[in-house]
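Structure first, commentary second.
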Amino acid sequence: MPTSFKAILATEEDGKAVARMTEISAGDLPSEGVLIDVAYSGLNYKDGLALNGNLGKVMRSLPMVPGIDLSGTVRESSDPRFVPGDEVVVTGWGLSETEWGGYSQQARVKADFLVKLPAGLDLRQAMAIGTAGFTAMLCVMALEDHGVRKDKPILVTGAAGGVGSVATAILAAGGYQVAASTGRAETHDYLKALGATEILDRSELAQAGRPVDKERWSGVVDTVGSQTLATAIAQVARHGSVAACGLAGGNDLPTTVLPFILRGVNLLGIDSVYCQEEPRGRAWARLAAELPKDKLDSMTDVIPFDELMARSKLILKGQVRGRTVVDLGA
Ligand SMILES: NC(=O)c1ccc[n+]([C@@H]2O[C@H](COP(=O)([O-])OP(=O)(O)OC[C@H]3O[C@@H](n4cnc5c(N)ncnc54)[C@H](OP(=O)(O)O)[C@@H]3O)[C@@H](O)[C@H]2O)c1
């Protein structure tokens, strides 16, 4: 009899997507790919959407195991690049969209999606970083590729969330001044401990202002979108850049072309899912080297697999601070 293991399986019931903890076996997994003993996964905003009725139609087909990222150890591989015992990380590549994801004690994942665990990180730290932290580093790299300066602060919006917390810590470690925007007063000390030099209440950025306003920021990491992003763009200094990666506050963008044509502001779109091999490897190597481990620990909460469904409801309400790691073995 095949050995079964715990997984969250999303299925369609009465026209609705329902995600439930269940038992499956390796034979139920997709047939193609490397078989991995999953040690940890993460809880990201997109996971909250998938687990709670597949909001935004994150999962394109059902049944599916959700979970947009995972870390673990190779159990079986017919691909010469990986052998049993290799420790690997997967983020993006359509996990929990078109590919079965990480909320399963075993997963079979296409070899092209796997990154060898970067030196200097263990499997738990890799998922403490996870998709959110990887995205934060892609934002920082995009700003730097566009010559971001250090003479004014970099604004991070949704700063107490996963992407925002890692972005704050990396930027501070890199010698940038960081202005952290948050809606939660109780996170101010936390954000200062991560290295924020200035804290803004997010209501300040949620107000529509002039399309080109006082130059406050040399760059922006935006996880919120909507009016917050529009206000941030209006406040960027000449030739500064905005890395836009999220929509926690909405997917609209009520702005004009003026900041782009009068100030030369760069709006940089960040897609972590289909990030190619070279920048992917560079981002992970930088995360391993530059993200201070004590700060990573301070922003991370590790929960057992059984608590995931309950915690996933909180991330949709903006009530999860920093990063949540899901321990698949606990
Ligand atoms: N482009 C990509 O490849 C990529 C990758 C990863 C994530 N993302 C996106 O990035 C965003 C952040 O992801 P995450 O995993 O960091 O999520 P998260 O942990 O839930 O953080 C989002 C933060 O946004 C703020 N926020 C929530 N609702 C808001 C609202 N209505 N108005 C203004 N601010 C609000 C909150 O921060 P405060 O409490 O500090 O205000 C919250 O903690 C999501 O939209 C996610 O889909 C995109």
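Its first residue numbered -19, the sequence shown is counted upward by one per residue in my numbering. All residues carry an ideal CB built from backbone N, CA and C; glycine is no exception. For clarity, every value in this text was computed on a predicted model and none was experimentally measured.
Item                                                                                                                                                                                       : Value
Taking 7 angstroms as the line, does the beta carbon of G175 fall inside it for any heavy atom of ligand 2?                                                                                : Among the ligands modelled here, namely ligand 1, ligand 2 does not occur.
Considering only residues of the segment -8 to 79, which uninterrupted beta strand (DSSP E) runs meet the minimum length of 3 residues and lie entirely inside it, listed in chain order?  : -4 to 5, 14 to 23, 49 to 56, 67 to 71
Taking DSSP as the reference, what is the three-state secondary structure of M(-19)?                                                                                                       : Because the pLDDT of M(-19) is 49, which lies under 50, any placement of that residue in the model is unreliable, and the question is left without a value.
Among D193, L185, G189, which has the Cα closest to the Cα of G205?                                                                                                                        : L185
In this structure, does DSSP put G144 in helix, strand or coil?                                                                                                                            : helix
With hydrogens ignored, establish whether the beta-carbon of D251 is closer than 7 angstroms to any heavy atom of ligand 1.                                                                : yes
In chain order, what residues of the same chain lie with their CB nearer than 8 angstroms to the CB of Q105, ignoring the 5 residues before and after it?                                  : K273, L276
Might you give, ordered along the chain, the residues of its own chain that have their beta carbon closer than 8 angstroms to the beta carbon of A122, omitting 5 neighbours on each side? : S221, A223, L248, I250
From the DSSP output, which residues share a beta bridge with R303?                                                                                                                        : T280
Pair every Cβ in the segment 96 to 115 with every Cβ in the segment 58 to 73, then say whether three or more of these pairs are closer than 8 angstroms.                                   : yes
According to the neighbour-count rule (16 or more other Cβ atoms, all chains shown, within 10 Å of its Cβ), is S161 buried or exposed?                                                     : buried
Check the DSSP bridge columns for S221 and list the partner residues they point to.                                                                                                        : G199, N246
Between L174, M39, P191, which has its C-alpha nearest M279's C-alpha?                                                                                                                     : L174
Could you tell me if K26 is buried or exposed, where buried requires 16 or more neighbouring beta carbons within 10 angstroms of its beta carbon?                                          : buried
Mind the definition here: the segment 12 to 32 touches the segment 41 to 50 only if three or more C-beta pairs lie below 8 angstroms; say whether that holds.                              : yes
Any idea which residues DSSP pairs L135 with across the strands?                                                                                                                           : A159, V200
Pick out whichever of L209, I150, D193 has its Cα sitting closest to the Cα of L271.                                                                                                       : I150
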